[in-house]
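Q: Dumping the structure here so I can ask a few things about it.
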Amino acid sequence: MLPEVRIIGSGRHTPDEDLRELVRQEGDDWDEFASRITFVASSADDGSDLAEAVAVAEKELGDEATRLVYLSVPPSAAGGMVRMLEREGLHERAHLVLEKPFGTDLASAKELDEVLLDVFAPEQLFRIDHFLGKEAVQNILVLRFANGLFEPVWNAAHVAYVQIDVPEAIGIEGRASFMESTGTFRDMISTHLFQLLGFVALEPPTVIDAKGLHEEKAKAFRAIRALDPAKVVFGQYEGYRDEDGVADDSRVETFVALEARIDNWRWKGVPFYLRTGKALAEGRRTITIGFREPPLEVFPCTADGEPNELVLELTDDAKVYVDLRAKKPGPALDIAHARLSLELEQAFPDDTAVEAYERLLLDAMRGDHTLFTSTEEVERLWALCDPVLADPPQVQSYAQGSWGPQAALDLPGDRGWRLR
0 MLPEVRIIGS GRHTPDEDLR ELVRQEGDDW DEFASRITFV ASSADDGSDL
50 AEAVAVAEKE LGDEATRLVY LSVPPSAAGG MVRMLEREGL HERAHLVLEK
100 PFGTDLASAK ELDEVLLDVF APEQLFRIDH FLGKEAVQNI LVLRFANGLF
150 EPVWNAAHVA YVQIDVPEAI GIEGRASFME STGTFRDMIS THLFQLLGFV
200 ALEPPTVIDA KGLHEEKAKA FRAIRALDPA KVVFGQYEGY RDEDGVADDS
250 RVETFVALEA RIDNWRWKGV PFYLRTGKAL AEGRRTITIG FREPPLEVFP
300 CTADGEPNEL VLELTDDAKV YVDLRAKKPG PALDIAHARL SLELEQAFPD
350 DTAVEAYERL LLDAMRGDHT LFTSTEEVER LWALCDPVLA DPPQVQSYAQ
400 GSWGPQAALD LPGDRGWRLR
């Protein structure tokens, strides 16, 4: 799908190993593709070698060449790198992709936005959140808006709760510096999980495009009630402080669970439960829509108290299923749980899913902002998160391989978490 490209990696130091060997892939076309990859060192103070390498690449590609600049740097370094791009003229004809987190709080996010918009036009900016590039996440929109079965019941009259659950089985995997400076709340809640909430909760846009989705997500975020400190749980897995690079008295959270409420006509009274963390029982990405019970029990026996649930597994081989009750075969009117399932790989065997970053980088090249986040969304989410960061809850310990602190397990009440 790529056009003719040249890829220039850059960082403060040249890697010990050739970049092409670091990213080597198997395949007959690799050697030809690898010939397009180079590396030069650069920093916020000096980008001259990078500018020269870009000039050489553009001369090879011709006058129609455009630039895609991808910044995967800490928020504290982003402003300086943007100014370097401006000094070297690399902002011209460029699309700039920014990796999250976008700032560390509302004030720093606004400062970064001022620098960005001083150098780049809004249409040049692409704030990337790779969760939004997942096939399964986009399928949320299709399930809702392309099927008369779901949209009429996608509201508080029929939905009892929503769970957005992204546990990770791995620990920090040598990323102590990042975790100590950022924490899980900034890394996951203010970005990935709230963005998933936006896809679940938004009103139907007039058309599925960048403007429509950004407007409706921003409206949903504006309707989120201020987070109740009593409904936010921070945790830290046992042994985290023994990791290399972690302070002996660290209070950084490796786990967050919270309840959010949306005060609008569609969602008034429906709790949204968000959970994510490191070193948990398993790695999953699951959205669960729990439906209300029928108003009258007409059968003399009920399977049990577990309700109907629509479950979206946000894996690369995306799955959607509905848990419901059905009559067990046999002479008695016995009720049991059954499942309707949709596996995308089986439903579309001749089609290949595109990995999230593949999709988003291709969109950035094409100038399509649909699956990227807007300035308004980013600033509204920081406004929601800032009070929690200013006065965080006490960090509670939890065992590695568990589902987090007991306070988090209790958060959804008697129903509990689907993943448990």
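Numbering of the sequence shown is given in numbering that gives the first Met the number 0, commencing with residue 0 and proceeding in unit increments.
Glycine included, every Cβ here is placed at the ideal spot set by N, Cα and C.
#1: Please check the pair Leu370 and Leu359, which I expect to be a contact at CB under 8 Å, by giving their CB distance rounded to whole angstroms.
#2: Specify, as a first and last residue, the run of the beta strand (DSSP E) that Leu323 falls within.
#3: Give me the Cα-Cα distance between Ala337 and Glu167, rounded to the nearest whole angstrom.
#4: Would you identify the three-state DSSP class for Gln345, choosing helix, strand or coil?
#5: How big is the Cα-Cα spacing for Asp112 and Leu279?
#6: Taking Leu408 as the reference, which of Val297, Ala256, Ala108, Val72 has the closest Cα?
#7: Look at the alpha carbon of Asp27 and the alpha carbon of Arg35, and state the distance between them as a whole number of angstroms.
#8: Quick check on this structure: which residue in His129, Ala93, Leu21 has the alpha carbon closest to the alpha carbon of Glu354?
#9: How big is the Cα-Cα spacing for Ala200 and Leu84?
#10: Applying the criterion that 16 or more other CB atoms from any shown protein chain within 10 Å of the CB defines a buried residue, is Pro228 buried or exposed?
#11: Between the C-alpha atoms of Asp367 and Val118, what's the straight-line distance to the nearest angstrom?
#12: Touching or not, the stretch 205–212 and the stretch 283–298, by the rule of three or more beta carbon pairs under 8 Å?
#13: Buried or exposed: which applies to Thr275, given that a residue is buried once 16 or more other Cβ atoms fall within 10 Å of its Cβ?
#14: Can at least three beta-carbon pairs, one atom from the stretch 236–246 and one from the stretch 163–181, be found at a separation below 8 Å?
#15: If you follow the alpha helix (DSSP H) that Phe371 is part of, which residue opens it and which one closes it?
#16: Indicate whether Gly238 and Glu252 have their beta-carbon atoms separated by less than 8 Å.
#17: Give the list of continuous beta strand (DSSP E) stretches no shorter than 3 residues that lie fully inside the stretch 7–57.
A: Well, looking at it:
#1: Mapped onto the sequence shown, residue 370 falls at position 371. Mapped onto the sequence shown, residue 359 falls at position 360. At roughly 6 Å, the Cβ-Cβ gap stays under 8 Å, so Leu370 and Leu359 are in contact.
#2: Here residue 323 refers to the residue found at position 324 of the sequence shown. Per DSSP, Leu323 belongs to the beta strand (DSSP E) from 318–326.
#3: Residue mapping note: residue 337 aligns to position 338 of the sequence shown, counting from 1. Residue mapping note: residue 167 aligns to position 168 of the sequence shown, counting from 1. Computed Cα separation, rounded: 28 Å.
#4: One-based indexing of the sequence shown puts residue 345 at position 346. DSSP places Gln345 within a helical segment (H, G or I) once states are collapsed to three.
#5: Numbered from its first residue, the sequence shown carries residue 112 at position 113. Numbered from its first residue, the sequence shown carries residue 279 at position 280. When rounded, the distance between both Cα atoms is 35 Å.
#6: Looking up residue 408 in the sequence shown gives position 409. Scanning Val297, Ala256, Ala108, Val72 for the CA closest to the CA of Leu408 turns up Ala256.
#7: Within the sequence shown, numbered from 1, the residue matching residue 27 stands at position 28. Within the sequence shown, numbered from 1, the residue matching residue 35 stands at position 36. So the two alpha carbons sit approximately 15 Å from each other.
#8: Position 355 of the sequence shown holds residue 354. If we check each option's Cα against that of Glu354, His129 comes out closest.
#9: Within the sequence shown, numbered from 1, the residue matching residue 200 stands at position 201. Within the sequence shown, numbered from 1, the residue matching residue 84 stands at position 85. Looking at the two C-alpha atoms, the distance is approximately 37 Å.
#10: For this step, residue 228 is matched to residue 229 along the sequence shown. So Pro228 counts as exposed.
#11: By 1-based counting over the sequence shown, the position of residue 367 is 368. By 1-based counting over the sequence shown, the position of residue 118 is 119. Each residue's alpha carbon lies about 20 Å from the other.
#12: Between the stretch 205–212 and the stretch 283–298 there are fewer than three inter-stretch CB-CB distances shorter than 8 Å, so the stretches are not counted as touching.
#13: Here residue 275 refers to the residue found at position 276 of the sequence shown. Buried, because 16 or more other Cβ atoms sit within 10 Å of the Cβ of Thr275.
#14: Taking 8 Å as the limit for Cβ pairs, the verdict is that the stretch 163–181 does touch the stretch 236–246.
#15: Residue mapping note: residue 371 aligns to position 372 of the sequence shown, counting from 1. Unbroken run through Phe371: none, as it is neither H nor E.
#16: Against the sequence shown, residue 238 aligns to sequence position 239. Against the sequence shown, residue 252 aligns to sequence position 253. Taking 8 Å as the Cβ cut-off, Gly238 and Glu252 do not qualify as a contacting pair.
#17: DSSP runs (the beta strand (DSSP E)) wholly in the stretch 7–57: 36–40.
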